[in-house]
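Asker: End of the sequence shown sits at 577 in UniProt numbering; the numbers just go up one at a time, nothing left out.
For glycine and all other residues, C-beta sits at the position ideal for the given N, C-alpha and C.
Predicted model only: the values in this text are computed from it and were never measured.
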Amino acid sequence: MNSIIENSDQIHDIAVLDSIPINADRMTTASHAVAETQAAADITAASGIDQAIESFVGPIAQAFSNVVFFELSIGGVGIPLIVVWLMAAAVFLTVYLRFQPIRGLKYSIGIIRGRFTRKTDPGQVSSFQALATELSGTVGLGNIAGVAVAITVGGPGAALWIIIFGFFAMTVKMAEATLGVKYRKIQADGTVSGGPMYYLRDGLAEIGRPKLGKFLAVFYAIATVIGVIGAGNLFQANQAAAILVKATGGDSSFLADKLWLIGAVVAALTALVILGGIKKIGQWTSKLTPMMAILYFLSILVILVMNIGEIPHAFALMFTGAFTPDGLTGGVIGVAIVGIQRALFSNAAGIGSAAMAHAASKTTKPATEGFVAMWEPLIDSVIICTLTSLAIITTGLYGSGSEDGIGLTSEAFAAVAGWFPILLTICVVLFAFSTILAYGYYGQQALGYLTGNSKKADKAYQIFWILAVIVGASMSLESVIAFSDAIFFLMAFPNLLGLYFLSRILRLEILRLRKRIDVGVMREITPAELQVGMGDHEPTAEQIKAAEAGRRRKRDKLREVRDSLKAKKLERAKRGD
């Protein structure tokens, strides 16, 4: 996940700029003095605001963070209970659903390409767009900076544990997406409301636990509305601004004293997209996500080609370091925990965001989205994290002892050429922007649940979200971000509890779809122009008319069958008399 570098103490591993002087090269002596005085006043005022907020929120945030990230000490290694909670669910669901990341991945290709769903199916986006939206919220700083920190703390072996638990996280995403579609609500205007709030409320009511379901749903929704503000907005805007300033000259950059301007530009771009709803977000993320992934992949590929002779040795270090670590407190357990934390905190499996992204997909079969969602941790924690790990290990930077994650990854890029880190900056900014888009939608979904999908509340939240981008870029409110990040991970508690309770329903949905595909009952949609596809998925007027006629025929046929059964039942009753 982009937003977390593991805990509140490391929230600013990635460079955060507080007070930066104005560029003197652009001014005369007199104007420089005036501007310098004004800049000092602005910085003092901003610092005063920061300090006032920090002094009030800081103790609260720290106390709350200590509760959420409470640690057990095992073998001298602190293990946060929230990680155990996430880890246990990932292993349980993988085993209970019969290892779908291995056995079921082949089914997903055709589904992602939209060949098994109709344009006239309920929903607002294609499966590919839902996949891109969720990936845009998880692929980012966690994969770039978080992996680097994991390797410097736990050695190359931590990278293997990231990969291993990326595999288990695939099933958690599968579960969230499947239930997200099964219990979603389709509004009269065709818009979709979905997410853990709905399967917690309606799913638990279905199995006889309505009161618990309502409580967990409200708890989750409140945590989401608050948590995404820091994790998906303030932190992302702050880091995008800081990295842009650093890349353009640091203290001497034209942007050095204009962080608000960066925030305003990002906010304007955010407004253009987010005010258009999930369809607009899906359109943007379906283009941004492949573009930034390809750019990052090609950049890493250049680093690996230049160090191709070190790749076998890098893999050897990863495997030996995972099981025979040297120098880390806790030995194997210590390395495993470092890697597992990074994997789970990177891909956000268990947080429930996949349920909100995939609930909007066009489909009538909930499990189809489960097979699509499996790809998210595979791309995030297995492929991208492996590439980052190899770049750092093959360049020999893993032993530097630095825990500045983005700085370490930047050094690996700089090993190619002095200008090469610019590509990393572009990737990071794109990652941050796409996360702001995705998490804005998640916040809207949660608020919609709490307000009965009030249009006024939704619009007010969108405006607040856009303005928060400017605040996040301009100020370093560490305690505010730490508090909302702690709340963000609190979302995992009700969500995973719901997955445990609904595991039997989940298993039935997943295995039934697999059986239907295996026996040939579920086939590709024909004609091909009716398939949702990966981009244009809006049905024509003729297709809508034909679909409505088909639904009427099915209803009429069902009514005939029911009437026939009812008549036979009455006839048997008469004969019995």
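(1) Which value, in whole angstroms, describes the spacing of the CA atoms of residue 173 and residue 254?
(2) In whole angstroms, what separates the C-alpha of residue 323 from that of residue 337?
(3) Quick one: what's got a C-beta closer than 7 angstroms to residue 461's C-beta in the same chain, skipping five residues either side?
(4) Tell me the DSSP secondary structure of residue 37 in three-state form.
(5) Check for me: the alpha helix (DSSP H) holding residue 517 runs from which residue to which?
(6) Among 89, 66, 215 and 63, whose alpha-carbon lies nearest the alpha-carbon of residue 499?
(7) Looking only at its own chain, which residues have a Cβ that is under 7 angstroms from the Cβ of residue 317, when we skip the five neighbours before and after it?
(8) Hey, how far is the Cα of residue 85 from the Cα of residue 344?
(9) What residue does the alpha helix (DSSP H) around residue 369 start on, and which one ends it?
(10) Taking residue 115 as the reference, give the member of 523, 310, 376 and 377 with the closest Cα.
(11) Beta-carbon separation of residue 124 and residue 279 under 9 angstroms?
(12) Note down the Cα distance separating residue 565 from residue 559, rounded to an integer number of angstroms.
(13) Which runs of the alpha helix (DSSP H) spanning at least 4 residues fall entirely within the segment 212-292, listed in chain order?
(14) Are residue 130 and residue 147 close, meaning C-beta to C-beta below 9 angstroms?
(15) Is the distance from the Cβ of residue 473 to the Cβ of residue 284 below 9 angstroms?
(16) Considering only residues of the same chain and omitting the five flanking positions on each side of residue 120, which have a CB-CB separation below 7 angstroms?
(17) Taking contact to mean 3 or more Cβ pairs, one atom from each stretch, closer than 8 angstroms, check whether the segment 175-182 and the segment 368-375 are in contact.
(18) With residue 445 as the anchor, note down where its alpha helix (DSSP H) starts and where it stops.
(19) Verify whether the separation of the beta carbon atoms of residue 430 and residue 413 is less than 9 angstroms.
(20) Counting Cβ pairs closer than 8 angstroms, one from the segment 371-380 and one from the segment 301-308, do we hit at least three?
(21) Could you tell me the distance, in whole angstroms, from the CA atom of residue 163 to the CA atom of residue 153?
(22) Please classify residue 43: does DSSP put it in a helix, a strand, or coil?
(23) For residue 531, which three-state DSSP category applies?
(24) Is it the case that the Cβ atoms of residue 451 and residue 117 are separated by a distance below 9 angstroms?
(25) Give me the DSSP bridge partner(s) of residue 73.
(26) With a cut-off of 8 angstroms, do at least 3 Cβ pairs link the segment 237-249 to the segment 204-220?
(27) Opposite residue 193 in the DSSP bridges: which residues?
(28) On a Cα-Cα basis, can you pick out the residue from 354, 250 and 291 that is closest to residue 195?
(29) Out of curiosity, what's the CA-to-CA distance linking residue 508 and residue 73?
(30) What residue from 144, 554 and 490 has the CA that sits closest to residue 426's CA?
(31) Taking the beta carbon of residue 571 as the centre, do at least 16 other beta carbons fall within 10 Å, making it buried, or is it exposed?
Answerer: Inspection of the coordinates gives the following:
(1) As a first step, residue 173 must be located in the sequence shown, where it is residue number 173. As a first step, residue 254 must be located in the sequence shown, where it is residue number 254. Taking the straight line from one Cα to the other gives about 43 angstroms.
(2) For the purposes of this step, residue 323 is identified with residue 323 of the sequence shown, where counting begins at 1. For the purposes of this step, residue 337 is identified with residue 337 of the sequence shown, where counting begins at 1. For residue 323 and residue 337, the distance between alpha carbons rounds to 12 angstroms.
(3) Along the sequence shown, one-based indexing puts residue 461 at 461. So the qualifying residues of the chain are 443, 444 and 447.
(4) Sequence index remark: in the sequence shown, residue 37 carries index 37 (1-based). Only weak support exists for where residue 37 lies, its pLDDT of 44 falling under 50; the coordinates are left without a value.
(5) On the sequence shown, position 517 is the one that residue 517 refers to. Per DSSP, residue 517 belongs to the alpha helix (DSSP H) from 503-518.
(6) By 1-based counting over the sequence shown, the position of residue 499 is 499. The shortest Cα separation from residue 499 among 89, 66, 215 and 63 belongs to 89.
(7) In the sequence shown, residue 317 corresponds to position 317, counting from 1. Same-chain partners within the cutoff: 156 and 393.
(8) What you label residue 85 is simply residue 85 of the sequence shown in a count that begins at 1. What you label residue 344 is simply residue 344 of the sequence shown in a count that begins at 1. Cα to Cα, the separation comes out at about 11 angstroms.
(9) Numbered from 1 along the sequence shown, position 369 holds the residue referred to as residue 369. Looking at the DSSP string, the run of the alpha helix (DSSP H) that includes residue 369 is 366-373.
(10) By 1-based counting over the sequence shown, the position of residue 115 is 115. Looking at the Cα atoms, 523 is the closest of the given residues.
(11) Here residue 124 refers to the residue found at position 124 when the sequence shown is read from its first residue. Here residue 279 refers to the residue found at position 279 when the sequence shown is read from its first residue. Contact flag set, yes.
(12) Along the sequence shown, one-based indexing puts residue 565 at 565. Along the sequence shown, one-based indexing puts residue 559 at 559. Approximately 10 angstroms between the Cα atoms of the pair.
(13) 235-247 and 259-274
(14) Translated into positions along the sequence shown, residue 130 becomes position 130. Translated into positions along the sequence shown, residue 147 becomes position 147. The answer is no: Cβ separation not under 9 angstroms.
(15) In the sequence shown, residue 473 corresponds to position 473, counting from 1. In the sequence shown, residue 284 corresponds to position 284, counting from 1. Contact flag unset, no.
(16) Here the question's residue 120 lines up with position 120 in the sequence shown. These residues qualify, in order along the chain: 539, 543, 544 and 547.
(17) yes
(18) The residue you call residue 445 lines up with position 445 of the sequence shown. Residue 445 -> alpha helix (DSSP H) spans 421-451.
(19) Start at 1 with the first residue of the sequence shown, and residue 430 comes out as number 430. Start at 1 with the first residue of the sequence shown, and residue 413 comes out as number 413. It is not a contact, given that the beta carbons lie outside the stated cut-off.
(20) no
(21) Against the sequence shown, residue 163 aligns to sequence position 163. Against the sequence shown, residue 153 aligns to sequence position 153. Spanning the two alpha carbons is a distance of roughly 17 angstroms.
(22) Position 43 of the sequence shown, counting from 1, holds the residue named residue 43. Any reading at residue 43 must be qualified, since the residue scores a pLDDT of 47, below 50, and its modelled position is unreliable; no value is offered.
(23) For the purposes of this step, residue 531 is taken as the residue at position 531 of the sequence shown. Strand at residue 531.
(24) Residue 451 sits at position 451 when you count from the first residue of the sequence shown. Residue 117 sits at position 117 when you count from the first residue of the sequence shown. Their beta carbons are not under 9 angstroms apart, which means residue 451 does not touch residue 117 by this criterion.
(25) Along the sequence shown, one-based indexing puts residue 73 at 73. Looking at the DSSP assignment, residue 73 forms a beta bridge with 78.
(26) no
(27) In the sequence shown, residue 193 corresponds to position 193, counting from 1. Per DSSP, 185.
(28) Position 195 of the sequence shown, counted from the start, is the residue given in the question as residue 195. Checking every option, the nearest Cα to that of residue 195 belongs to 354.
(29) Numbered from its first residue, the sequence shown carries residue 508 at position 508. Numbered from its first residue, the sequence shown carries residue 73 at position 73. Roughly 38 angstroms between the two C-alpha positions.
(30) Here the question's residue 426 lines up with position 426 in the sequence shown. Cα-wise, what sits closest to residue 426 is 144.
(31) For this step, residue 571 is matched to residue 571 along the sequence shown. The residue is exposed, with fewer than 16 neighbouring Cβ atoms inside 10 Å.
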